[in-house]
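**Q**
Number of protein chains: 2
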Amino acid sequence: MAFAGKTKHEILSEFRTAEILQAARTVFAEKGFSEATVDEIAEAAGLAKGTIYLYFPSKKEIYLAALKNGVAELAEATRKNMEAAGGIRGKVHAFIQTRLEHVERNRDFFKIYHAEFGNLTHPLSVNESFRKLYRQQLDALEAILEKAAEGGEIRKTPVGAIASALYEMTRGLMLRRLLGWSGTTVEEDVETLNEFVWRGIGNS
Amino acid sequence: MAFAGKTKHEILSEFRTAEILQAARTVFAEKGFSEATVDEIAEAAGLAKGTIYLYFPSKKEIYLAALKNGVAELAEATRKNMEAAGGIRGKVHAFIQTRLEHVERNRDFFKIYHAEFGNLTHPLSVNESFRKLYRQQLDALEAILEKAAEGGEIRKTPVGAIASALYEMTRGLMLRRLLGWSGTTVEEDVETLNEFVWRGIGNS
DNA sequence: TAGTATACTGACTGTGTAGTCATTCGATGG
DNA sequence: CCATCGAATGACTACACAGTCAGTATACTA
Chain A
1 MAFAGKTKHE ILSEFRTAEI LQAARTVFAE KGFSEATVDE IAEAAGLAKG TIYLYFPSKK
61 EIYLAALKNG VAELAEATRK NMEAAGGIRG KVHAFIQTRL EHVERNRDFF KIYHAEFGNL
121 THPLSVNESF RKLYRQQLDA LEAILEKAAE GGEIRKTPVG AIASALYEMT RGLMLRRLLG
181 WSGTTVEEDV ETLNEFVWRG IGNS
Chain B
1001 MAFAGKTKHE ILSEFRTAEI LQAARTVFAE KGFSEATVDE IAEAAGLAKG TIYLYFPSKK
1061 EIYLAALKNG VAELAEATRK NMEAAGGIRG KVHAFIQTRL EHVERNRDFF KIYHAEFGNL
1121 THPLSVNESF RKLYRQQLDA LEAILEKAAE GGEIRKTPVG AIASALYEMT RGLMLRRLLG
1181 WSGTTVEEDV ETLNEFVWRG IGNS
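From first to last, the protein sequence lines stand for chains A and B.
Each residue of the first sequence is one higher than the one before, starting from 1 at the first, in our numbering.
Each residue of the second sequence is one higher than the one before, starting from 1001 at the first, in our numbering.
Given below as structure tokens:
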């Protein structure tokens, strides 16, 4: 981000890369990977197709760059906010809130992200590492729930299934918002979901 | 299904159509729509490509036929079982159970079905009607919850969001099973989810 | 058995698009 | 004002694949 100590070449390169990724996100979000063309990305970026290939080796790499970028950012924000929150109740709330709020600010990314879940069952798909990342997030969630269950903070449940349920019900509301089917604010959705989850796993 | 009163032509036609759809389901499940080729479907069906086009006008139509078939079946089974069940508690249980059990018997279909959700945010995607169907199912679920809330069977909640959550947490466990990440039986998953949901929306 | 009808075939065509590269542009500096 | 050089261009190539259709095989009929 800082330009200090960078050569002219590096500055330009970073700028072009960011420019292309921004355009790619718009196009991939609208059409999906297969239907999008590199020409469209080039046009959206205001560049010729050849220029795109000066900065990325293939269409697939552009896609992966756009995806990984956002995924890492979201995962990190989620992890951080959960860590900062005290107690299982706070952590679950942070999980839901972080993700739902993130949608609003990154609609294009979320369309790509969401579409990628559809490819999870195709072994030879664009992104094999995406499955691992998904698995890691579920495992992390599961571990937190497991610990809370042991500590008596929540009732005993099969935590693996609950982690999936929690993850996916949140994603469900994210999708709902993406489709414009929510007449509610993010805060309301967060509270609705949080209360639902909590009454579900609470030991009261 | 019954062959009575059918011409030779009709019988053959039905048989070939079913044969092709079966092969298509296998191929589309494995690769997804874009990555699958008509040649592969032909090979899986033990037919030449030209023959495929005697029974279907395009690749897209094969896909839609394979998809709609299964979607209608699942929706109908779900509706029926929910209707037969008494009370909101039974209906919710029927919803979860029907869908989770269906996965086990229709793995290929579910991979296609699941992949299609990924395309929901792409307006010009293969299947525009899929979104409507999804919406209808959510609306139906919402209506049932709304009624139960009015009747005091469950506590007052924003039913739209809860319907999405319920739908998607169920789909989440379906995906979990599809990926082979469940070490549990269907019955266990059904019970886990049902208990989670019920404690979540119960007014006790 | 010959003649006809119908199901099937697979080599071929047309198209869309990923990726290339010879050429042009424009900035810098002598 | 010209020379040099890296960045950008876009016409072009190669290829994959959906969809076609002239030709073949098979089943029926008389």
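Even for Gly, the Cβ is constructed at its ideal location relative to N, Cα and C.
Got a sec, what are the start and stop residues for the alpha helix (DSSP H) B:Asn1081 sits in?
**A** Counting from 1 along the second sequence, the entry for residue 1081 of chain B is found at position 81. From DSSP, the alpha helix (DSSP H) with B:Asn1081 extends over 1059 to 1084.
**Q** When the distance is taken between beta carbons, is B:Phe1109 closer than 7 Å to B:Gly1152?
**A** As a working mapping, residue 1152 of chain B is identified with position 152 in the second sequence. As a working mapping, residue 1109 of chain B is identified with position 109 in the second sequence. Contact flag unset, no.
**Q** Would you say A:Arg177 faces chain B, with C-beta separation under 7 Å as the test?
**A** As a working note, residue 177 of chain A is residue 177 in the first sequence. Answer no: the Cβ-Cβ gap between A:Arg177 and chain B never drops below 7 Å.
**Q** To the nearest angstrom, how far is it from the Cα of A:Pro123 to the Cα of B:Thr1184?
**A** Residue numbering aside, residue 123 of chain A sits at position 123 when the first sequence is read from its first letter. Residue numbering aside, residue 1184 of chain B sits at position 184 when the second sequence is read from its first letter. Going from the Cα of A:Pro123 to the Cα of B:Thr1184 covers about 23 Å.
**Q** Less than 7 Å between the C-beta atoms of B:Met1169 and A:Ala165, yes or no?
**A** Here residue 1169 of chain B is taken as the residue at index 169 of the second sequence, counted from 1. Here residue 165 of chain A is taken as the residue at index 165 of the first sequence, counted from 1. In this structure, A:Ala165 lies closer than 7 Å to B:Met1169 by Cβ.
**Q** Taking the alpha carbon of A:Leu54 as the reference point, which residue from A:Val38, A:Lys132, A:Glu76 has its own alpha carbon closest?
**A** For the purposes of this step, residue 54 of chain A is identified with residue 54 of the first sequence, where counting begins at 1. Of A:Val38, A:Lys132, A:Glu76, the residue nearest in Cα terms is A:Val38.
**Q** Using the Cα positions of B:His1093 and A:Glu61, report the straight-line distance between them to the nearest angstrom.
**A** Within the second sequence, residue 1093 of chain B is the residue found at index 93, counting from 1. Within the first sequence, residue 61 of chain A is the residue found at index 61, counting from 1. So the two alpha carbons sit approximately 44 Å from each other.
**Q** Within 7 Å (strictly less), CB to CB, does A:Leu67 reach chain B?
**A** Position 67 of the first sequence, counted from the first residue, corresponds to residue 67 of chain A. No - not a single Cβ of chain B is within 7 Å of the one on A:Leu67.
**Q** Do the stretch 1083 to 1090 of chain B and the stretch 135 to 150 of chain A touch if we need at least three Cβ pairs shorter than 8 Å?
**A** Segments in contact, no.
**Q** Using alpha carbons as the reference points, say which of A:Leu179, A:Glu43, A:Ala23 lies closest to B:Arg1131.
**A** Numbered from 1 along the second sequence, position 131 holds the residue referred to as residue 1131 of chain B. That would be A:Leu179, whose Cα lies nearest to the Cα of B:Arg1131.
**Q** Shorter than 7 Å from the beta carbon of A:Lys111 to some beta carbon of chain B?
**A** Mapped onto the first sequence, residue 111 of chain A falls at position 111. Closer than 7 Å: yes.
**Q** Enumerate, from N- to C-terminal direction, the unbroken alpha helix (DSSP H) stretches of 4 or more residues contained entirely within the stretch 1107 to 1190 of chain B.
**A** Listed in chain order, the complete alpha helix (DSSP H) runs (minimum 4 residues) inside the stretch 1107 to 1190 of chain B are 1107 to 1118, 1128 to 1150, 1159 to 1178.
**Q** Give the DSSP-derived three-state secondary structure of B:Thr1192 in the structure shown.
**A** One-based indexing of the second sequence puts residue 1192 of chain B at position 192. Reduced to three states, the DSSP call for B:Thr1192 is helix.
**Q** The alpha helix (DSSP H) with B:Leu1012 in it runs from where to where?
**A** The residue you call residue 1012 of chain B lines up with position 12 of the second sequence. Its alpha helix (DSSP H) spans residues 1008 to 1035.
**Q** Look at B:Ala1044 and B:Ile1020 and say whether their C-beta atoms are less than 7 Å apart.
**A** Here residue 1044 of chain B refers to the residue found at position 44 of the second sequence. Here residue 1020 of chain B refers to the residue found at position 20 of the second sequence. No, Cβ-Cβ distance for B:Ala1044 and B:Ile1020 is not below 7 Å.
**Q** Measure the alpha-carbon distance for B:Gly1050 versus B:Ser1013 and round it to whole angstroms.
**A** Walking along the second sequence from the start, residue 1050 of chain B turns up at place 50. Walking along the second sequence from the start, residue 1013 of chain B turns up at place 13. So the alpha carbons of these two residues sit roughly 15 Å apart.
**Q** I'd like to know whether the C-beta atoms of B:Phe1117 and A:Gly172 end up nearer to each other than 7 Å.
**A** Here residue 1117 of chain B refers to the residue found at position 117 of the second sequence. Here residue 172 of chain A refers to the residue found at position 172 of the first sequence. It is not a contact, given that the beta carbons lie outside the stated cut-off.
**Q** With the cut-off set at 7 Å, would you say A:Lys156 and A:Ala149 are in Cβ contact?
**A** Taking the first sequence and counting its residues from 1, one reaches residue 156 of chain A at position 156. Taking the first sequence and counting its residues from 1, one reaches residue 149 of chain A at position 149. Going by C-beta atoms, A:Lys156 is nearer than 7 Å to A:Ala149.
**Q** Indicate the three-state DSSP secondary structure (helix, strand or coil) for B:Gly1046 in the structure shown.
**A** If you number the second sequence from 1, residue 1046 of chain B lands on position 46. Correct three-state label for B:Gly1046: coil.
**Q** Whole-angstrom Cβ separation of B:Lys1111 and A:Thr121, contact assumed at under 8 Å?
**A** Taking the second sequence and counting its residues from 1, the one referred to as residue 1111 of chain B is at position 111. Taking the first sequence and counting its residues from 1, the one referred to as residue 121 of chain A is at position 121. So it is a contact: roughly 4 Å between Cβ atoms.
**Q** Compare the C-beta of A:Ala36 against all C-beta atoms of chain B and say whether one is closer than 7 Å.
**A** For the purposes of this step, residue 36 of chain A is taken as residue 36 along the first sequence, with counting starting at 1. No, because no Cβ of chain B sits closer than 7 Å to the Cβ of A:Ala36.
**Q** Determine whether the Cβ of A:Phe196 lies closer than 7 Å to any Cβ atom of chain B.
**A** The residue labelled residue 196 of chain A in the question sits at position 196 within the first sequence. It does: the Cβ of A:Phe196 has a partner Cβ on chain B nearer than 7 Å.
**Q** Residues of chain B with CB under 9 Å from A:Leu193, in chain order?
**A** As a position in the first sequence, residue 193 of chain A is number 193, starting the count at 1. Result: Ala1161, Ile1162, Ala1165.
**Q** Can you list, in chain order, the residues of its chain whose CB lies under 7 Å from that of A:Leu193, leaving out five sequence neighbours each side?
**A** Numbered from 1 along the first sequence, position 193 holds the residue referred to as residue 193 of chain A. The residues are Ile96, Met169, Thr170, Leu173.
**Q** For B:Leu949, return the contacting residues in chain A, with the cut-off set at a CB-CB distance below 7 Å.
**A** Nothing about residue 949 of chain B can be reported from this structure: the residues present for chain B run from 1001 to 1204 only.
**Q** For A:Ala48, which residues from the same chain have a beta carbon less than 8 Å from its beta carbon, with the 5 sequence-adjacent residues on both sides left out?
**A** In the first sequence, counting from the first residue as 1, residue 48 of chain A sits at position 48. Only Ala42 meet the Cβ criterion.
**Q** Shorter than 7 Å from the beta carbon of A:Pro57 to some beta carbon of chain B?
**A** To locate residue 57 of chain A, count along the first sequence from 1; it is residue 57. A:Pro57 does not count as touching chain B.
**Q** Between the C-alpha atoms of B:Glu1035 and A:Arg107, what's the straight-line distance to the nearest angstrom?
**A** In the second sequence, counting from the first residue as 1, residue 1035 of chain B sits at position 35. In the first sequence, counting from the first residue as 1, residue 107 of chain A sits at position 107. Straight-line Cα distance between these residues: approximately 26 Å.
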